[in-house]
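Enquirer:
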Amino acid sequence: MDEFMAQVEAFAEEMKRSMGLPILLDQKTGVAMWFDQRELRLRFAISIEKIRRFFEGLTEGKILATRCVKTGKIYFPPQVDCPDAPDSEVEWVEIPREGVLLTFTVINTKPYTFSHYPDYVVGIGKVAEDLNILAWVRGDPAKLRRGMKVRLEVVKREPEGYLTYEWVPVEEQG
Amino acid sequence: MGRPVAIVGTGHSKFGVRNDVNIAELAWEAMREAASEAGIELKDVDQVVVGNAGGWSSEYLSSIVLLEYAGISGKPVYRVEAACATGSAAIKAAHDAIAAGEADLVLVVGVEKMNESPTPIVVEMIGRAGNYFWEFENFGLTFPGYYALYATAYMSEFGATEEDLCRVAVKNHHHASMNPKAHFPRAITLEQCLQSRYVAWPLKLYDSSPITDGAAAVVMASEDLAKKLTDSPVWIHSIGMASDTSNLSKRPDFLVHRASRLAAERAFKKLGIELEGSYKHFDFANVHDAFTIAEILAYEAMGFARLGEGYKLVREEQTYIGGLIPVNLDGGLKAKGHPIGATGVSMAVEHVRQLQGRVEKGRQAEIKRGRSLAHNVGGTGHYAFVTVYGLDKPRRY
Chain L
22 MDEFMAQVEA
32 FAEEMKRSMG
42 LPILLDQKTG
52 VAMWFDQREL
62 RLRFAISIEK
72 IRRFFEGLTE
82 GKILATRCVK
92 TGKIYFPPQV
102 DCPDAPDSEV
112 EWVEIPREGV
122 LLTFTVINTK
132 PYTFSHYPDY
142 VVGIGKVAED
152 LNILAWVRGD
162 PAKLRRGMKV
172 RLEVVKREPE
182 GYLTYEWVPV
192 EEQG
Chain P
2 MGRPVAIVGT
12 GHSKFGVRND
22 VNIAELAWEA
32 MREAASEAGI
42 ELKDVDQVVV
52 GNAGGWSSEY
62 LSSIVLLEYA
72 GISGKPVYRV
82 EAACATGSAA
92 IKAAHDAIAA
102 GEADLVLVVG
112 VEKMNESPTP
122 IVVEMIGRAG
132 NYFWEFENFG
142 LTFPGYYALY
152 ATAYMSEFGA
162 TEEDLCRVAV
172 KNHHHASMNP
182 KAHFPRAITL
192 EQCLQSRYVA
202 WPLKLYDSSP
212 ITDGAAAVVM
222 ASEDLAKKLT
232 DSPVWIHSIG
242 MASDTSNLSK
252 RPDFLVHRAS
262 RLAAERAFKK
272 LGIELEGSYK
282 HFDFANVHDA
292 FTIAEILAYE
302 AMGFARLGEG
312 YKLVREEQTY
322 IGGLIPVNLD
332 GGLKAKGHPI
342 GATGVSMAVE
352 HVRQLQGRVE
362 KGRQAEIKRG
372 RSLAHNVGGT
382 GHYAFVTVYG
392 LDKPRRY
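Chains L and P are the protein sequences, given in the same order. Each residue of the first sequence is one higher than the one before, counting from 22 in the numbering used here. Each residue of the second sequence is one higher than the one before, counting from 2 in the numbering used here.
1. Cutting at 6 Å between CB atoms, please list the residues of its own chain near Lys131/L, excluding the five before and the five after it.
2. Shorter than 8 Å from the beta carbon of Met26/L to some beta carbon of chain P?
3. Looking at Ile95/L and Val121/L, is the spacing between their C-beta atoms short of 8 Å?
4. Please state whether the Cβ-Cβ distance between Ala83/P and Ala90/P is less than 8 Å.
5. Three or more C-beta pairs closer than 8 Å, one from the region 153-165 of chain P and one from the region 172-180 of chain L: is that the case here?
6. Indicate whether at least one CB of chain P lies closer than 8 Å to the CB of Thr130/L.
7. Lys91/L: which of Phe97/L, Glu112/L, Arg64/L sits nearest, CA to CA?
8. Among the residues of its own chain, which have a CB less than 6 Å from the CB of Leu195/P, if the five just before and after it don't count?
9. Is the shortest distance between the beta-carbon of Ile212/P and the beta-carbons of chain L less than 8 Å?
10. Taking DSSP as the reference, what is the three-state secondary structure of Arg118/L?
11. Please classify Pro253/P as buried or exposed, where buried requires at least 16 other C-beta atoms within 10 Å of its C-beta.
12. Please list the residues of the region 89-100 of chain L that have a C-beta atom closer than 9 Å to any C-beta atom in chain P, keeping them in chain order.
13. Given that Met54/L touches chain P, what residues does it touch there, using C-beta distances under 8 Å?
14. Spell out the partners DSSP gives Asp214/P in its beta bridges.
15. On the criterion of 16 or more Cβ atoms from any shown chain inside 10 Å, does Tyr155/P qualify as buried, or is it exposed?
16. Give me, in chain order, the residues of the same chain whose beta-carbon lies closer than 6 Å to that of Asp105/L; leave out the 5 immediate sequence neighbours on both sides.
17. So, is the C-beta of Ala149/L closer than 8 Å to a C-beta in chain P?
18. Give the single residue among Glu38/P, Val78/P, Val112/P, Asp105/P whose Cα lies nearest to the Cα of Thr344/P.
19. For Gln194/L and Lys83/L, I'd like the C-alpha separation in whole angstroms.
20. What is the C-beta distance between Ser64/P and Ala216/P, in whole angstroms, given that I count them as a contact (C-beta under 8 Å)?
21. With distance defined between alpha-carbon atoms, name the residue in Gln355/P, Asp225/P, Leu330/P, Asn329/P nearest to Leu106/P.
22. Is the region 128-142 of chain P touching the region 363-371 of chain P, taking contact as three or more C-beta pairs under 8 Å?
23. Where does Trp55/L land, buried or exposed, given buried means 16+ other C-beta within 10 angstroms?
24. Tell me, please, whether the CB atom of Asp57/L is closer than 8 Å to any CB atom in chain P?
25. With burial defined as no fewer than 16 other Cβ atoms inside 10 Å of the residue's Cβ, what is the status of Leu191/P: buried or exposed?
26. Starting from Pro190/L, follow the beta strand (DSSP E) in both directions and report where the run begins and ends.
27. Check whether the Cβ of Lys251/P lies closer than 8 Å to any Cβ atom in chain L.
28. Just the chain L side, please: which residues come within less than 7 Å of Glu125/P by C-beta, in chain order?
29. Reducing DSSP to helix, strand and coil, say where Ser247/P ends up.
30. Ordered along the chain, which non-local residues of its own chain (more than five positions away) have a Cβ less than 6 Å from that of Lys313/P?
31. Return the first residue and the last residue of the beta strand (DSSP E) that Met54/L is part of.
32. Going residue by residue through the region 197-242 of chain P, where are the continuous beta strand (DSSP E) segments of at least 3 residues, counting only ones entirely within it?
33. Using 8 Å as the threshold, is the C-beta distance between Ala265/P and Val387/P below it?
34. Give a yes or no on whether the minimum CB-CB distance between Pro12/L and chain P is below 8 Å.
35. Helix, strand or coil, according to DSSP, for Cys103/L in the structure here?
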């Protein structure tokens, strides 16, 4: 991708030098296209203030969810408001680590910002009624199946080097 | 409730990689054709609704740019967004304005220029269209990946195979081969599909709709005006809408497409149609086949097949012409192409032309009941729309 864009950019620079305009010719059809001279790089700052405890939990090796004090409903991803009981508060609870794999896929065609990773497996496991968790799944995808036992672990995501959580298959007992 | 609403003119650009036009020129192709079919001038419309998801193309306030290019700046206009169901949302907005008596003549134009961005960036942007923080930022789920999660669960539970998924692609390419407006107007074989590379196992390249540029437009009118403009209006009989969670993990089992089911139930309730066996009421249907598994899930959500049996419809060729109910006779999103904001409007164009018996030979449905169903999903069920079109003026309004 970067190499491809570098080639396009080099061509546009060449066109600017030769004809004075950043015009590209489509390789397949020969139609003319303007090569945008204004690149916008987006990177967001997302508030996690209200759920800061979740991230502190990861540093302690815990995976936390919120539970509505009045209704007992557990929220993951964690949220600090109980829509079913607006006057109630939530408390932080550890989620069960043992789960059953509901489904999974292998991401072969990766998004641009994940292109530095080898193909990765994303799965959804169920840890309790109405409580599913989506995360990467460790191990060989050929050996995974719907219904198998899996366990959540806190891991460091490399090469980016930050804490997250991952599903690990549990050996089935004979 | 409210006043009956009809479609009186349709327009459709060639779908594909349209590097030969900018977004306004592309939209104009559909807008001028729709106006011409309706026998009106664009300046006659009371309102315009633009369906454009955007992000990958350069114009941020695209609706304003289109109106300026079409010489109708000043008209009331807004842009709507419902992900891949954006076009259906635009039609709903126009419908409601006419039904409520706010407008008599409304132009709906759906347009998307996705190839203004390089493919890896488009993959990135569509992948972000689930729940950004919990699913993309941390786990890099892609759009085929979302549907692959449904496919893995469905295949494991019900015994559908990768061949069954590919049969959907083969069918839709067969229909697209007769549709000159399609992105891929050519047939494919089961082997070609099976041999294509995985994009998100178990989904392959040929299980997936392409990145498409395209535009579609319809002119919609109140009853009085529709009768003045045309002898053969196509009426909107019912629209059902629903939504589901942004986090896929908050959905229970990945065997049922909940939002589609709910949208169908809501659309059918207005017409007194039972969900089970609903196909008996329609001459043909379009269902959302952004990925082949989506079409199979849609068969079940629309009541064409029981839970876990949708794949048998395509295995038994029941969704070709002559079967139980022909589905995606225009090639579907899979082969006609999926320019996000245009897709729902493109379905409307197809339904009007099919019901009026004027599509290409070989992909024309036999029109006996005079009613058809269009199903359009936004995201992976984040939004769902089921729209029923008909030749008779709707009885219940």
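Beta carbons are placed, not taken as given, at the ideal position from N, Cα and C, and that holds for glycine. Computed from a predicted model, the values in this text were never measured in an experiment.
Expert: So, to answer that:
1. none
2. yes
3. no
4. yes
5. no
6. yes
7. Glu112/L
8. Cys167
9. no
10. coil
11. exposed
12. Phe97, Pro98
13. Asn20
14. Gly17/P, Lys114/P
15. buried
16. Thr92
17. no
18. Val112/P
19. Bear in mind that the predicted position of Gln194/L carries a pLDDT of just 46, short of 50, making it too unreliable to give a figure here.
20. The pair is not a contact, with the Cβ atoms about 13 Å apart (cut-off 8 Å).
21. Asp225/P
22. no
23. exposed
24. yes
25. exposed
26. 183-190
27. yes
28. Pro132, Tyr133, Thr134
29. coil
30. none
31. 53-55
32. 199-202, 214-223
33. yes
34. There is simply no residue 12/L to check, as chain L begins at 22 and stops at 195 in what is shown.
35. coil
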